[in-house]
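Trainee:
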Amino acid sequence: MSRSLLIVYLACLAFLPTLISAQSCSTTGTYAGCCPSSDKKIVTFQGKDYRVYCDVVIAPGSVEFTSTPAECANRCGSMEECVDSFWEPPRQSERSGRCEMNLLESEAQSLAIVPMASAGPTQCDQDLQKCRTDLATCQRSLSTQQANCASQVSTQQANCASQVSTQQANCAAQISAQQTSCTGRISSAIASYASALAQCQRAVASAGQRCGIRGGSQDQYQILRVDSTSCKQNCLADSRCLAYSFGVTDFYRNVCYLHGKAVKDLPFIPWPTFLIFDRNCP
């Protein structure tokens, strides 16, 4: 359907200059309004159709003699400049009838206006009227289509704007959720790494220490007769003490030795009743 309307529309556009020029001639009624735009075209004056010829006038032509009106008409039809003709029957002294023709002759700034046949609309008149009707229909259809197109474009733009707004809101919500989740995971990871770091630092601090090794050493600078807790406290209170050991002997139940060297530097004796510790052991 739309293709048919397009074909009619293009056909109407092709004929539109002719209609416009004819309307201009019939409206202004001046030479400039009619020529050369309406030359040899049909123009309507006061409801009647005329064919306009520019820069010519209608003048009587030569008189010819023909036997019949048909022959007279054929003579006029064979001449491009013949506008019309009329035939008179033979007079008493003549054998043929008189055929008189009106011809177009050049004359600047003049108009020849020839009435169209009034016996009824010709095929051309009917086609012209149909084209005018089709043009009006096409223009109405075009106006309707333009309005529909504008409405559809406006609707699509509104739908697009709504969808974009919805997508932006969804995207913002997803970003916010991801940021919250990411912050939580980062906090958990930091806490976990801090715990692992502290454990690692404690391990580094205690690396190389000897703590609670069963045995002892006689390389001591002081002997005390106290229990294990007091033995450790005495070592921590004395900056000279780098290791301590305590245990029982054949003669004493609690014996504490303070050493001036770390366990690894002491001459070690595997006493089963003694335990030896570096100063910083927990």
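Count the sequence shown with mature numbering (1 follows the signal peptide of the UniProt record, and there is no 0) and you get residues -22 to -1, 1 to 260, in order. Using N, Cα and C, we set each Cβ at its ideal position, and we do this for glycine too.
Are G225 and G194 close, meaning C-beta to C-beta below 8 Å?
Mentor: By 1-based counting over the sequence shown, the position of residue 225 is 247. By 1-based counting over the sequence shown, the position of residue 194 is 216. Against a cut-off of 8 Å, the Cβ pair of G194 and G225 comes out as a contact.
Trainee: In chain order, what are the residue ranges of uninterrupted alpha helix (DSSP H) at least 4 long that sit wholly in the stretch 20 to 101?
Mentor: Whole alpha helix (DSSP H) segments, 4+ residues: 47 to 55.
Trainee: How many angstroms separate the CA atom of T22 from the CA atom of S4?
Mentor: Translated into positions along the sequence shown, residue 22 becomes position 44. Translated into positions along the sequence shown, residue 4 becomes position 26. The alpha-carbon atoms of T22 and S4 are separated by roughly 6 Å.
Trainee: Assuming V92 and R29 form a contact by the criterion Cβ under 8 Å, report the distance between their Cβ atoms to the nearest whole angstrom.
Mentor: Your numbering for residue 92 matches position 114 in the sequence shown. Your numbering for residue 29 matches position 51 in the sequence shown. At roughly 5 Å, the Cβ-Cβ gap stays under 8 Å, so V92 and R29 are in contact.
Trainee: If I'm right that residue 329 touches I191 with Cβ under 8 Å, what's the distance once you round it to whole angstroms?
Mentor: Since the displayed the chain opens at -22 and closes at 260, residue 329 lies outside it and no answer follows.
Trainee: Hey, how far is the Cα of Y199 from the Cα of C209?
Mentor: The count along the sequence shown starts at 1 and reaches residue 199 at position 221. The count along the sequence shown starts at 1 and reaches residue 209 at position 231. Rounded to the nearest angstrom, the two C-alpha atoms are 14 Å apart.
Trainee: In chain order, what residues of the same chain lie with their CB nearer than 7 Å to the CB of V35, ignoring the 5 residues before and after it?
Mentor: In the sequence shown, the residue the question calls residue 35 occupies position 57. Result list for V35: E83, E85, S88, A90, in chain order.
Trainee: Considering Cα atoms alone, identify which of N80, T46, S56 is closest to C67.
Mentor: Position 89 of the sequence shown, counting from 1, holds the residue named residue 67. Before going further, note that residue 67 is Pro rather than Cys in the sequence given. It is T46.
Trainee: Are N80 and D62 touching if we call contact CB-CB under 8 Å?
Mentor: Here residue 80 corresponds to residue number 102 of the sequence shown, with the count starting at 1. Here residue 62 corresponds to residue number 84 of the sequence shown, with the count starting at 1. Yes, the Cβ-Cβ distance between N80 and D62 is below 8 Å.
Trainee: So who's on the other strand from Y9, going by DSSP bridges?
Mentor: The sequence position of residue 9 within the sequence shown is 31, counting from 1. Y9 is not bridged to any residue.
Trainee: For a test of the three-state rule: what should DSSP assign to C160, helix, strand or coil?
Mentor: Sequence index remark: in the sequence shown, residue 160 carries index 182 (1-based). C160 falls in the helix class under three-state DSSP.
Trainee: Counting only the same chain and skipping the five closest in sequence on each side, list residues whose C-beta sits under 6 Å from that of residue 269.
Mentor: In the structure as shown, the chain begins at -22 and stops at 260. Residue 269 is therefore absent and cannot be evaluated.
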